[in-house]
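Okay, so here's the structure we're looking at.
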Amino acid sequence: MTFIDSHTRAMDVTHQNIQLLGVANAKLILSDTGTAGKDYDMFVGNPPYYADYRIAEVFIEQAYHSLKEDGVALFVTKQTAQVGYLIHEKFGNSDLISRRGYGVISAVR
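Per numbering that gives the first Met the number 0, the sequence shown runs over residues 0 to 108.
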């Protein structure tokens, strides 16, 4: 399991939670560009919606390029229409589950 974030404080909290939960083989990467390679079966992200969705586009691109064939991407967002459109444009498919003002959008590579 790989955790990637561009904020040091978020990574500190992630590290603490990994230790508390006893998650084995966790890897933490401090990065604002993600990771290279198509090594992952699943991508989970909560893209920010500021900057005219340009950062959300980075999340979506990273998900697409880091997933293996048939890998699943899950995005949590309140901006389901805008982010969902971007996901569908990149992946060619997507599904939405709405819960308490948020949406979980899934797509398969």
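By construction, the Cβ of each residue, glycine as well, lies at the ideal position given by its N, Cα and C atoms.
C-alpha gap between residue i and residue j, whole angstroms
i	j	result
G100	Q18	31 angstroms
D94	G102	10 angstroms
R98	N24	31 angstroms
Y52	T76	12 angstroms
F42	D69	12 angstroms
G110	R8	No answer is possible for residue 110: the residues shown for the chain start at 0 and end at 108.
A106	T1	19 angstroms
Q81	V12	29 angstroms
N87	G21	For the record, residue 87 in the displayed sequence is His; it is not Asn. In a straight line, the C-alpha of H87 is about 36 angstroms away from that of G21.
T79	N45	12 angstroms
Collapsed DSSP secondary structure at residue i in the structure displayed
i	result
T32	coil
Y49	coil
R98	strand
D40	strand
A23	coil
Chain-order list of residues whose beta-carbon lies under 8 angstroms from that of residue i (same chain, five-residue window excluded)
i	result
K67	K37, D38, Y39, D40 and R108
P47	I54 and A55
S5	L29, S30 and D31
Distance CB(residue i)-CB(residue j) smaller than 7 angstroms
i	j	result
K89	I54	no
A50	A62	no
I96	G83	no
Sequence-distant residues of the same chain with beta carbon closer than 7 angstroms to residue i, five excluded per side
i	result
I3	I28, S30, G33 and T34
H14	L27
Worksheet item: Which whole runs of the beta strand (DSSP E) in the segment 66–94 are 3 residues long or more, in chain order?
Response: 66–76
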